[in-house]
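Okay, so here's the structure we're looking at.
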Amino acid sequence: MIGRELTSVLLSLVALSGCASDATVRSAAPEKTYVSRKGIDPMVSCLIPSLSRHYTAAAISNFRFVGQVLQPNAEYDIVPTDGFVNGHYIYTVNVKKAPDGGSVVSLYKGQPMLPHLTAAMENGIAACL
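Structure, rendered in structure tokens:
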């Protein structure tokens, strides 16, 4: 199991390669914002599999998340691979490098979603803080 998770994380990190972000969704206020002492790279590496695990458990379907580079080593968006509806990702998790070397994680909703699915996203983030 660890080998599969590590492979998934590595493949997700390879996907961190300059894809377009969902800036429209991020132009509104986030649902929640979290601050962590964890650096941006370890935070992104933790969030990708954590969000996939928590969301899949709540949705009863296999959902994967990938990272998109906005600014290398400074800002990333994490979005679902199959969650693009009406021109927006259903969720966008934005991760920025904090001035103290930690990270700031913001959860955005691009579509109205059931509360238990939003709770799964929040739990996926909390597991990495």
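Taking this note's numbering, the leading residue of the sequence shown gets 1112, the next gets one more, and so forth.
All residues carry an ideal CB built from backbone N, CA and C; glycine is no exception.
| Under three-state DSSP, which class holds P1153? | By 1-based counting over the sequence shown, the position of residue 1153 is 42. Taken through DSSP and simplified to helix, strand or coil, P1153 comes out as helix.
| task | Could you check if A1140 is buried or exposed, using at least 16 other CB atoms within 10 Å of its CB as the buried criterion? | result | Within the sequence shown, residue 1140 is the residue found at index 29, counting from 1. Classification for A1140: exposed.
| request: Have a look at F1174 and D1211 and give me their C-alpha separation to the nearest angstrom. | output: As a first step, residue 1174 is located in the sequence shown; it is residue number 63 there, counting from the start. As a first step, residue 1211 is located in the sequence shown; it is residue number 100 there, counting from the start. So the alpha carbons of these two residues sit roughly 33 Å apart.
| message | Short of 6 Å in beta carbon distance, which residues of its chain neighbour K1207, apart from the five on each side in sequence? Order them along the chain. | response | Here residue 1207 corresponds to residue number 96 of the sequence shown, with the count starting at 1. Excluding positions up to five away in sequence, the list reads E1186, V1215.
| said: Measuring only the C-alpha atoms, how far is H1227 from D1193? | reply: Residue mapping note: residue 1227 aligns to position 116 of the sequence shown, counting from 1. Residue mapping note: residue 1193 aligns to position 82 of the sequence shown, counting from 1. Near 18 Å, if we compare the C-alpha coordinates of D1193 and H1227.
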